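**Q** Below is the structure I would like to discuss, written out as structure tokens.
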Amino acid sequence: MCGIVGYAGGKDAAGILLEGLSKLEYRGYDSAGLAVRDGSGPVSVCKTKGRLSRLYEKTEGGKTMPGHIGIGHTRWATHGEPSEDNAHPHVSDDGLVTGVHNGIIENYLELKDKLIRKGYCFYSATDTEVAVKMVDYYYKKYGLGPIDAIAKTMVRMRGSYAMGLMFSDYPDEIWAVRKDSPLIIGVKDGETFIASDVPAILKYTKKVYYIGNLEFARIRPGEVTFYDLNGEEIKIEPTEITWSADAAEKDGYEHFMMKEIHEQPRAVKDTLHSLIAKDSDRSFIDLSKTGLTDETIRSLEGITICACGSAWHVGMSAQYVIEDLARIPVRVELASEFRYRKPILGKGQLVIVISQSGETADSLAALRLAKESGTETLGVVNVVGSAIAREADHVLYTLAGPEIAVATTKAYSTQLAALYALAVKAGHVRGVISEEQYQYYLDELQKLPDAIQTALSRKEDIQRFAAEHVATKDVFFIGRNIDYTSALEGSLKMKEISYVHSEAYAAGELKHGTISLVEDGTPVIGILTQPDLYEKTLSNMVECKARGGYLVAVTTEDRQDILNTADFVLFIPKTDPHFTASVTVVPQQLLGYYMSCSRGLDVDKPRNLAKSVTVE
Ligand code: F6R
């Protein structure tokens, strides 16, 4: 989704804004722009369609736009096609207000009509131009300055927005405005930054303010003042970011995705370490930081997991593990569907919302719906201070560090680890698993980072396979039980970055229709890690082979017999069957990655996709 940056300080703003925008490229965009102000001179605006490099060239790396304050934007089109006119910043008719925006103003047509009646003209198809001109309208109508104009506009606008604004009458300041879209403010001596996400400002400061919902801020060099919707000054405490600036760099890898795939052993280890403690003679899972008590876990009658995309796949895996280890009924819901249902929730239920960014609009709406019903909520979140982290009753942080590639890898793996820990803990406190089994599962969990590392070491075979199958048009991923949930993720990894059509099926379901699509040479990737279901999935694979399918198997090292059936085998280390999704995902991530590279695609920024989906 769109990326916003802003700067107020003593340095050249344009260069800093361009650099900040480059760190937000992963969010997805189709045009970009800057607005910079030099003292009390006019605001200069430059916009381009396409990649940020074009804006860089057009402004000679920012040199043609001198000035010490400014705002910048990468746009992911929602209202109006990608074009220079629709690109942000947008400017009011006489240049009084300049603004950038992320989100959707749902009632923009109604507001636009009102403004047209008042004599305003519009040059773009965007809702953002309407928002900027609304601010201009209230500024001029009441003559009470930016605080009043912004607050009145916020009251009128419906939808979601993070905005950066500049007023020509106030040359030394920019404004940050927020409702339901991410926006953070970073401060260091004599300089203040705004950004949609931490990586854009990590190089400059780790002191960050999370601006609240329906709040806004005046930003001056080195200072920030916050206001509520009534225009009253409010106090917000800063947070110290723990991510290192290097964490948002490629570190010698060709792509962020490959770097992040390799970070998985470390990320899973860190996440598990944060949840597993030791006293003198035993290990135990400590969820005290989340505030989720043993008593709550004991009294649970049901769990609903809500998430989107890969995070939903994590929920699907967790469903099998929690139901088996803790005997709690679990439903897994796509957040975008859940939010428009009338779910039966309440006492005795727990709603778990899984989200890397903590800002996904549908997941956030699902969380709010659960809270409205009085149900206890737990957010499993990676980004500290994000909306879901702030609003959930309990938060379990995954320690993946910043994830930049659009396709998730390490966040997915840490989410799985966190949910496994929850399942084992719940099984133990509810008396479903004995102390001995508890210690066994804890041991098995702690072996996962090494197992993931071993799975990573086999990437050359996968690279070769991808190069040989570069012309493949369709791929099927199949599995049963937890392997099915892993197939869902493998299939998404394949299609989202390599644009090869792929589908994931529960292996037993394939012959109820989809098998008719299997043709000569169609790769059918079977995941086989569940001992009781191995032969059944294998039979389903053989059925595909009989129809010309090219069989790829992802299975454990002890299953050497598979070499008699499959055309290509990816062996992975054996782990407890509950936790295999953590390991089977690795070759599937690599397969998607190498397929994308073989096809010459932009692995980290696949077409049409955005990292953080902050609109419905
Ligand atoms: C796929 C992917 C997405 C996200 C989904 C949810 O590789 O990354 O499917 O998993 O958009 O995002 P978060 O976890 O930020 O809520």
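Under the numbering used here, the first residue of the sequence shown carries the number 2, and numbering increases by one thereafter. Glycine is no exception: its CB is placed at the ideal position from the N, C-alpha and C atoms. Quick caveat: nothing in here was measured; it's all calculated off a predicted structure.
On the CB-based measure, 16 or more other CB atoms within 10 Å of its CB, does G635 come out buried or exposed?
**A** Since the displayed the chain opens at 2 and closes at 617, residue 635 lies outside it and no answer follows.
**Q** If you draw a straight line from the alpha carbon of I516 to that of T581, how long is it in whole angstroms?
**A** Indexing the sequence shown from 1 puts residue 516 at position 515. Indexing the sequence shown from 1 puts residue 581 at position 580. So the two alpha carbons sit approximately 26 Å from each other.
**Q** Could you pull out every unbroken alpha helix (DSSP H) segment of at least 4 residues lying fully inside the stretch 145-229, listed in chain order?
**A** 147-157
**Q** Measure from the alpha carbon of K113 to the alpha carbon of each residue in T154, D86 and G96, then state which is nearest.
**A** One-based indexing of the sequence shown puts residue 113 at position 112. Ranking T154, D86 and G96 by Cα distance to K113 puts T154 first.
**Q** Can you determine whether any heavy atom of the ligand F6R sits closer than 7 Å to the C-beta of L335, and answer yes or no?
**A** Locating residue 335 in the sequence shown gives position 334, counting from the first residue. No, since every heavy atom of the ligand F6R falls outside the 7 Å radius drawn around the Cβ of L335.
**Q** Suppose you measure from the CA of T566 to the CA of A268; what does that come to, to the nearest Å?
**A** Position 565 of the sequence shown, counting from 1, holds the residue named residue 566. Position 267 of the sequence shown, counting from 1, holds the residue named residue 268. Going by the C-alpha atoms only, they are around 35 Å apart.
**Q** Taking Cβ to Cβ, would you say D94 is nearer than 8 Å to S125?
**A** Translated into positions along the sequence shown, residue 94 becomes position 93. Translated into positions along the sequence shown, residue 125 becomes position 124. No.
**Q** To the nearest angstrom, report how far apart A467 and D475 are at their CA atoms.
**A** Here residue 467 refers to the residue found at position 466 of the sequence shown. Here residue 475 refers to the residue found at position 474 of the sequence shown. Using only the alpha carbons, I get a separation of about 13 Å.
**Q** Going by Cα to Cα distance, which pick from K50, N103 and L35 is closest to I70?
**A** Translated into the one-based positions of the sequence shown, residue 70 becomes position 69. Measuring from the Cα of I70, the nearest candidate turns out to be L35.
**Q** Please list, following the chain, all residues that have a C-beta closer than 6 Å to any non-hydrogen atom of the ligand F6R.
**A** C309, G310, S311, A312, S356, Q357, S358, T361, S364, A408, T409, L493, E497, S613 and V614
**Q** Per DSSP, what are the beta-bridge partners of K48 in this structure?
**A** Numbered from 1 along the sequence shown, position 47 holds the residue referred to as residue 48. According to DSSP, K48 bridges with G34.
**Q** Can you give, in chain order, each stretch of the alpha helix (DSSP H) that sits fully within the stretch 497-578 and has at least 4 residues?
**A** 535-546
**Q** Check whether the Cβ atoms of G51 and S32 lie closer than 8 Å to each other.
**A** Here the question's residue 51 lines up with position 50 in the sequence shown. Here the question's residue 32 lines up with position 31 in the sequence shown. The answer is yes: Cβ separation under 8 Å.
**Q** Rounded C-beta distance between A308 and T615? I'm assuming under 8 Å.
**A** As a first step, residue 308 must be located in the sequence shown, where it is residue number 307. As a first step, residue 615 must be located in the sequence shown, where it is residue number 614. About 15 Å separates the two Cβ atoms, so there is no contact after all.
**Q** Apply the 10 Å Cβ neighbour rule to M373 and answer buried if 16 or more other Cβ atoms are within range, or exposed otherwise.
**A** Locating residue 373 in the sequence shown gives position 372, where the first residue counts as 1. Reading the sequence as shown, one finds Glu at residue 373 and not Met. With fewer than 16 other Cβ atoms inside 10 Å of its own Cβ, E373 counts as exposed.
**Q** Starting from C307, trace the alpha helix (DSSP H) both ways and give me its first and last residue.
**A** As a position in the sequence shown, residue 307 is number 306, starting the count at 1. Careful: C307 lies outside any alpha helix (DSSP H), inside the beta strand (DSSP E) at G303 to A308.
**Q** What residue from I306, T127, V178 and S245 has the CA that sits closest to A150's CA?
**A** The count along the sequence shown starts at 1 and reaches residue 150 at position 149. Comparing Cα-Cα distances from A150 to each of I306, T127, V178 and S245, the minimum goes to V178.
**Q** Is it true that the CB of I463 sits closer than 8 Å to the CB of P588?
**A** Numbered from its first residue, the sequence shown carries residue 588 at position 587. Numbered from its first residue, the sequence shown carries residue 463 at position 462. Yes. Within cutoff.
**Q** Which residue or residues does DSSP assign as beta-bridge partners of T240?
**A** Taking the first residue of the sequence shown as 1, we reach residue 240 at position 239. For T240, which the question treats as bridged, DSSP gives the partners V209.
**Q** Sort A390, I72, R560 and Y57 by Cα distance to H102 and report the nearest one.
**A** Position 101 of the sequence shown, counted from the first residue, corresponds to residue 102. The shortest C-alpha separation from H102 is found at I72.
**Q** Is there contact between the stretch 416-429 and the stretch 234-241, where contact requires at least three CB pairs shorter than 8 Å?
**A** no
**Q** Please report how far the alpha carbon of Y57 lies from the alpha carbon of G593, in whole angstroms.
**A** For this step, residue 57 is matched to residue 56 along the sequence shown. For this step, residue 593 is matched to residue 592 along the sequence shown. Near 31 Å, if we compare the C-alpha coordinates of G593 and Y57.
**Q** Quick check on A468: does DSSP put it in helix, strand or coil?
**A** By one-based count along the sequence shown, residue 468 stands at place 467. Three-state DSSP puts A468 in a helix.
**Q** Looking at the secondary structure, which residues open and close the beta strand (DSSP E) in which E377 lies?
**A** Within the sequence shown, numbered from 1, the residue matching residue 377 stands at position 376. Residues E377 to V382.
**Q** Check this for me: beta carbons of G4 and R28, under 8 Å apart or not?
**A** In the sequence shown, residue 4 corresponds to position 3, counting from 1. In the sequence shown, residue 28 corresponds to position 27, counting from 1. It is a contact, given that the beta carbons lie within the stated cut-off.
**Q** Can you tell me which of the three DSSP states G232 falls into?
**A** Counted from its first residue, the sequence shown places residue 232 at position 231. In the structure shown, G232 sits in coil (DSSP, three-state: anything other than H, G, I, E or B).
**Q** Considering only the beta carbon of each residue, do V570 and T576 sit closer than 8 Å?
**A** Mapped onto the sequence shown, residue 570 falls at position 569. Mapped onto the sequence shown, residue 576 falls at position 575. Their beta carbons are not under 8 Å apart, which means V570 does not touch T576 by this criterion.
**Q** Pull up the distance between the alpha-carbon of T206 and that of A246, whole angstroms please.
**A** One-based indexing of the sequence shown puts residue 206 at position 205. One-based indexing of the sequence shown puts residue 246 at position 245. Between T206 and A246, the C-alpha separation is close to 9 Å.
**Q** To which residues does DSSP link D475 through a beta bridge?
**A** Here residue 475 corresponds to residue number 474 of the sequence shown, with the count starting at 1. According to DSSP, D475 bridges with H502.
**Q** Can you tell which of G491, G68, L457 and Y30 has the C-alpha that lies nearest to the C-alpha of V37?
**A** The residue given as residue 37 occupies position 36 in the sequence shown. Nearest C-alpha to V37: G68.
**Q** Assess, as a yes-or-no matter, whether the stretch 312-320 is touched by the stretch 330-342 under the definition of 3 or more beta carbon pairs within less than 8 Å.
**A** yes
**Q** Measuring alpha carbon to alpha carbon, tell me which of A78, L22 and Y535 ends up nearest I202.
**A** In the sequence shown, residue 202 corresponds to position 201, counting from 1. Residue L22 is the option with its Cα nearest to I202.
**Q** Residues in the same chain with beta-carbon distance under 7 Å from R55, minus the five sequence neighbours each way, listed in chain order, please.
**A** One-based indexing of the sequence shown puts residue 55 at position 54. Cβ within range, chain order: T49.
**Q** Excluding the 5 residues preceding and the 5 following A401 in the sequence, name in chain order all residues of the same chain whose CB lies nearer than 6 Å to its CB.
**A** Walking along the sequence shown from the start, residue 401 turns up at place 400. For A401, the CB contacts under 6 Å within the same chain, skipping 5 residues up- and downstream, are A268, N383, K411, A412 and T415 in chain order.
**Q** Only counting runs of 4 or more residues, tell me where the alpha helix (DSSP H) segments fall wholly within the stretch 341-391, in order along the chain.
**A** 362-373
**Q** May I have the straight-line CA-CA distance separating Y442 from S275, to the nearest angstrom?
**A** Mapped onto the sequence shown, residue 442 falls at position 441. Mapped onto the sequence shown, residue 275 falls at position 274. Y442 and S275: Cα-Cα distance of roughly 16 Å.
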